[in-house]
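The numbering of the sequence shown is this note's numbering, which starts it at 19 and goes up by one.
For glycine and all other residues, C-beta sits at the position ideal for the given N, C-alpha and C.
Computed from a predicted model, the values in this text were never measured in an experiment.
Single-structure report; data block below.
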Amino acid sequence: MFDGDALDVLRQLPNDSVDAVITDPPYNSGGASSTSRTNQTARKKYVSSDAQHDLPDFTGDQRDQRGYLAWMTLILGQCLRVTRTGGPLLVFCDFRQLPVTSDALQAAGWVWRGVVPWHKPIARPQLGGFRRSCEYALWATNGPVDAARNPVSLPGLYTASQPRGSHRVHITQKPLELMRELVKVCVPEGTVLDPFAGSGSTGVAALAEGRSFQGVELSPAYRRVAESRLSQAALGTIV
Numbered sequence: 019m020f021d022g023d024a025l026d027v028l029r030q031l032p033n034d035s036v037d038a039v040i041t042d043p044p045y046n047s048g049g050a051s052s053t054s055r056t057n058q059t060a061r062k063k064y065v066s067s068d069a070q071h072d073l074p075d076f077t078g079d080q081r082d083q084r085g086y087l088a089w090m091t092l093i094l095g096q097c098l099r100v101t102r103t104g105g106p107l108l109v110f111c112d113f114r115q116l117p118v119t120s121d122a123l124q125a126a127g128w129v130w131r132g133v134v135p136w137h138k139p140i141a142r143p144q145l146g147g148f149r150r151s152c153e154y155a156l157w158a159t160n161g162p163v164d165a166a167r168n169p170v171s172l173p174g175l176y177t178a179s180q181p182r183g184s185h186r187v188h189i190t191q192k193p194l195e196l197m198r199e200l201v202k203v204c205v206p207e208g209t210v211l212d213p214f215a216g217s218g219s220t221g222v223a224a225l226a227e228g229r230s231f232q233g234v235e236l237s238p239a240y241r242r243v244a245e246s247r248l249s250q251a252a253l254g255t256i257v
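What follows is the structure, encoded as structure tokens:
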């Protein structure tokens with residue numbers, strides 16, 4: 019695990035040093051208006067008022083659309099530089115940020131390959147309309163798909179519920195069963211990079227599936243959580 023700002027750390031990593039990038043950046047989304055998206059904390063935007071946990075907040079989630087586009091383009095440009103030719107990118111977003119995230123990854127030089135929906139069986143109801151039951155992982159590659167090195171044929175849709183109770187250790191934590199499936203897009207025994215490691219779910223999944231992991235996290239509280247989970251995963255305990 020690296021300690022610090024994602025862009026600062028990425029600039030220090032060598033070219034062609036990882037095999038895949040799988041990441042869940044701050045969405046800079048939520049809220050019903052531009053003001054609420056940029057003025058509310060991450061916890062206020064993404065955590066229900068009746069939530070039964072008091073998990074730490076995180077910063078970096080108050081950018082407007084232009085700021086988010088510029089920032090993500092810089093981040094994903096550095097991710098491209100450190101990824102070997104043919105390596106995949108998976109970057110999470112919600113429905114609001116899907117268009118601008120796709121713009122950012124293409125502006126950064128990635129070849130956009132598709133969208134992998136993540137269906138959440140437990141989602142907030144939406145009166146007068148449709149339940150927001152999906153988030154999305156945008157799939158891209160650094161140049162051509164390298165199917166010879168990793169001849170997997172993965173589903174294009176996944177269903178998994180967010181962790182609950184004592185298994186929930188981050189506000190926007192992704193399900194481990196989902197992440198274990200997604201890391202299979204990385205070549206066997208390859209290295210997965212997550213510049214927004216959060217509580218370390220990508221890394222835990224990578225280690226569980228026989229890959230190596232490099233992660234970056236700005237929040238000291240969540241970095242400690244990630245390091246603890248990764249240490250347990252390295253010993254064969256999946257948390």
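Check, Outcome
"Where DSSP assigns a beta bridge to Gly233, which residues make up the other side?", "Asp212"
"Rounding to the nearest angstrom, what Cα-Cα distance links Leu87 and Ala166 in this structure?", "33 Å"
"So who's on the other strand from Ala38, going by DSSP bridges?", "Val210"
"Considering just the uninterrupted stretch of the alpha helix (DSSP H) at Trp89, what are its terminal residues?", "Gln83 to Val100"
"Hey, which unbroken runs of the beta strand (DSSP E) at 3 residues or more fall wholly within the stretch 109-177?", "129-137 and 152-159"
"In angstroms with no decimal places, state the Cα-to-Cα distance between His185 and Arg114.", "28 Å"
"If contacts are defined as beta-carbon pairs under 8 Å, then Leu107 and Thr159 qualify, I think. What distance do you get, rounded to the angstrom?", "7 Å"
"Apart from the five residues just before and just after Glu227, which ones in its own chain have a Cβ nearer than 7 Å to its Cβ?", "Arg198, Val201 and Lys202"
"Ends of the alpha helix (DSSP H) at Tyr240?", "Pro238 to Ala252"
"Go ahead and pull the three-state DSSP assignment for Arg31.", "The residue asked about is misnamed: residue 31 is Leu in this sequence, not Arg. Coil."
"By the DSSP assignment, the alpha helix (DSSP H) with Thr220 in it spans what residues?", "Ser219 to Ala226"
"What residue does the alpha helix (DSSP H) around Met197 start on, and which one ends it?", "Leu194 to Leu200"
"Checking 8 Å against the spacing of the C-beta atoms, do Trp136 and Ala155 come in under that value?", "yes"
"Thinking Phe20 and Gly233 are a contact (beta carbons under 8 Å), I'd like their distance in whole angstroms, please.", "7 Å"
"For Val109, count the other beta carbons within 10 Å of its own beta carbon; 16 or more makes it buried, fewer makes it exposed. Which is it?", "buried"
"Who are the Cβ neighbours of Ser35 in its own chain at under 6 Å, not counting the five residues just before and after it?", "Val100"
"Count the other C-beta atoms from every protein chain shown that fall within 10 angstroms of the C-beta of Thr103, then say buried if there are 16 or more, exposed otherwise.", "exposed"
"In angstroms with no decimal places, state the Cα-to-Cα distance between Gly216 and Ala252.", "17 Å"
"Nearest to Ser249 by alpha carbon, out of Leu236, Pro238 and Val222?", "Val222"
"Straight-line CA distance for Ala24 to Trp89?", "11 Å"
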